[in-house]
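Working notes, structure below.
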């Protein structure tokens with residue numbers, strides 16, 4: 285029996301086609317972020333652990349997901365980052381778009397992909413941390 289980790293990362297299939305190494309990168313980042321948030325004390329109260337699902341999307345899939353009717357509390361963090369909080373099960377679904385200019389940059393300079401994705405997702409997690417009164421990672 286395996287328990288799911290509080291932070292998960294999903295990647296849009298279109299982005300995996302553009303950047304084949306993206307799935308491997310995000311698998312490693314998922315483990316890293318769960319460890320960093322644990323050491324930052326995010327899970328001190330086991331009754332109030334928030335599950336965070338980060339979804340990295342194309343611009344089109346981002347627009348689709350964020351335009352759907354949703355009963356959860358919406359938070360627009362930036363033009364390319366939107367989250368939905370479901371208080372009934374303490375879950376945050378966060379959609380993060382890779383913009384066209386980011387895609388072009390990353391296609392030209394593929395070595396930047398890991399650092400870029402890591403930096404972007406850390407910024408998103410720290411925005412959530414501020415919102416939830418948690419320590420930044």
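Residue numbers (this note's numbering): 285 to 421. From the three backbone atoms N, C-alpha and C, an ideal C-beta is built for every residue, glycine too.
{"Asked": "Through-space distance from residue 327 to residue 409, alpha-carbon basis", "Found": "14 Å"}
{"Asked": "Under 7 Å between C-beta atoms of residue 346 and residue 379", "Found": "yes"}
{"Asked": "Continuous beta strand (DSSP E) stretch holding residue 359: start and end", "Found": "357–362"}
{"Asked": "Beta-ladder partner(s) of residue 385, from DSSP", "Found": "For residue 385, which the question treats as bridged, DSSP gives no partner whatsoever."}
{"Asked": "Proximal residues to residue 324 (C-beta, below 6 Å), its chain only, five neighbours per side dropped", "Found": "419 and 421"}
{"Asked": "Nonlocal neighbours in the same chain, by C-beta distance under 8 Å from residue 374, ignoring five residues either side", "Found": "332, 333, 334 and 335"}
{"Asked": "One or two residues paired with residue 369 in a DSSP bridge", "Found": "357 and 376"}
{"Asked": "Range covered by the alpha helix (DSSP H) that runs through residue 339", "Found": "That residue, residue 339, is in no alpha helix (DSSP H); its beta strand (DSSP E) goes 335–341."}
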